[in-house]
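Asks:
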Amino acid sequence: MTLYLIQHAESKRKDEDPARPLSKKGWEDIRKVAEYAEKHLHIQVSQIYHSGKLRAQQTAQVLANHLRPTKGVIVAEGLDPLANPKMWKNRLTETAEDIMIVGHLPHLSKLAGELLTGDANREVVTFTNGCIVCLEKGEKGLWKVRWMITPEVVPKCDDTGLRLGAPIEEARKILEEAAAVAEQRIKETMRCMHGSPSI
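The number in the numbering used here is simply the position in the sequence shown, starting from 1, with 3 added.
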């Protein structure tokens, strides 16, 4: 099973708009990430879940327009910023389908910590607005980080698909390096939890 965790794209401040829709930059960022995910990461999911907040809904819809989830986009409980991550940890044991979750901090960070280390308070992945973190469940139900991508490392493309920014190979290297950093954090966390001596 593959799980994609996405922090909603940048939104307007509450004093600008109480509903906090995506900002102009937020729209641009998530469209860029979604286009790259469609063309180069070949993401296929059955469903995209999002919280009931407008910024998450708008982010999910842009992703859905490019990735076309087979079962659509669904507003779901337990994805608000302060929701208990154990709800979704338990829910993920009940499905083998590849899915995407669009949510908020600190919930996404806690969910990643819960899945990867069993401790929701361990920050092993650093989320940013509009980023995608790809987790994979392997043997014995253990989760690992496959890659992560942020709007800043996505190569810019024009309407014809020509690369105007960093080469795709360079972006792929950045994704792998980010995943390696997350994996190292997990190893350090597990070492501390099991009381292994420092070397």
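Here a beta-carbon is modelled for each residue, glycine too, at the ideal position from N, C-alpha and C.
Report the rounded CA-to-CA distance for L44 versus R71, giving the unit in angstroms.
Replies: Approximately 14 Å between the Cα atoms of the pair.
Asks: Across the stretch 5 to 14 and the stretch 30 to 37, are there enough close Cβ pairs to call them in contact, namely three or more that are closer than 8 Å?
Replies: Short answer: they touch.
Asks: Determine whether the beta carbon atoms of L108 and P88 lie at a separation below 8 Å.
Replies: Cβ atoms of L108 and P88: not closer than 8 Å.
Asks: Name the DSSP beta bridge partners of E139, please?
Replies: Bridge partners of E139: T5 and K147.
Asks: Which partner residues of Q50 appear in the DSSP bridge assignment?
Replies: Q50 pairs with I102.
Asks: Please name the residue, chosen from T62, G121 and V127, that lies closest to M103 on a Cα-to-Cα basis.
Replies: With distances taken between Cα atoms, M103 lies closest to T62.
Asks: Is L6 near H53, with beta carbons less than 8 Å apart?
Replies: No, these two residues do not count as a Cβ contact at 8 Å.
Asks: How big is the Cα-Cα spacing for R58 and N132?
Replies: Answer to the nearest angstrom: the Cα atoms are 11 Å apart.
Asks: Tell me the DSSP bridge mates of Q61?
Replies: Note: Q61 sits in no beta bridge, so no partner.
Asks: When the Cα atoms are used, what is the spatial distance from G78 to P158?
Replies: Sequence check: residue 78 is Val here, not Gly. Distance between the alpha carbons of V78 and P158 is about 30 Å.
Asks: Using the three-state DSSP reduction, which class does L25 fall into: helix, strand or coil?
Replies: Residue state, collapsed to three classes: strand.
Asks: Considering only the alpha carbon of each residue, which of Q47, E117, I46 and S112 lies closest to L95?
Replies: It is E117.
Asks: Between Y39, E41, S112 and Q64, which has its C-alpha nearest I51's C-alpha?
Replies: The residue with the shortest Cα to Cα distance from I51 is Q64.
Asks: Quick check: the Cα distance between E126 and L119, rounded to an integer number of angstroms?
Replies: Roughly 10 Å between the two C-alpha positions.
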